[in-house]
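Letter by letter, the sequence shown follows residues 15 to 82 of the numbering used here. First comes the structure, then the notes that go with it.
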Amino acid sequence: MIIPWQNLEPQTLNNLIEYFVLREGTDYGLQEKSLQEKVNDVKLQLENGSVALFWSQLHETIDIKLIK
15 MIIPWQNLEP QTLNNLIEYF VLREGTDYGL QEKSLQEKVN DVKLQLENGS VALFWSQLHE
75 TIDIKLIK
C-alpha cells in the first residue's frame with residue numbers, strides 16, 4: 015500500500031528517509047554525499063513522484079521504492 019508522504023509529520027518523514035539512506039546496501043556511486051544531501055535527494059524524489067513510501071502489511075515494514 016502506498017502511504018502519501020504529505021500525510022506524515024515532517025520529523026517522522028525525515029526519520030524514515032534517514033533510516034532508508036543509512037541502511038546497509040544503499041549505494042550512491044563514486045561521489046560521497048552528506049546525510050543531509052542524501053535526505054534532500056530522497057525528498058525531491060518523493061515530491062516529483064519518482065519514488066513513493068510503501069507499507070507492507072504482511073511484513074509490517076515501510077520502504078521507499080521507485081515508481082515504475
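Ideal Cβ placement from N, Cα and C applies to all residues, glycine included.
DSSP, reduced to helix, strand and coil, places Ile31 within a helical segment of the structure shown. Taking 9 Å as the cut-off, the Cβ atoms of Val53 and Glu23 do not count as close. Straight across, the Cα-Cα distance linking Gly63 with Ile81 is about 7 Å. For Lys79, same chain residues with a beta-carbon under 7 Å away, outside a window of 5 residues either side, are Val65, Ala66 and Phe68 in chain order.
Leu30 is classed as buried because its beta carbon has at least 16 other beta carbons within 10 Å across all chains shown.
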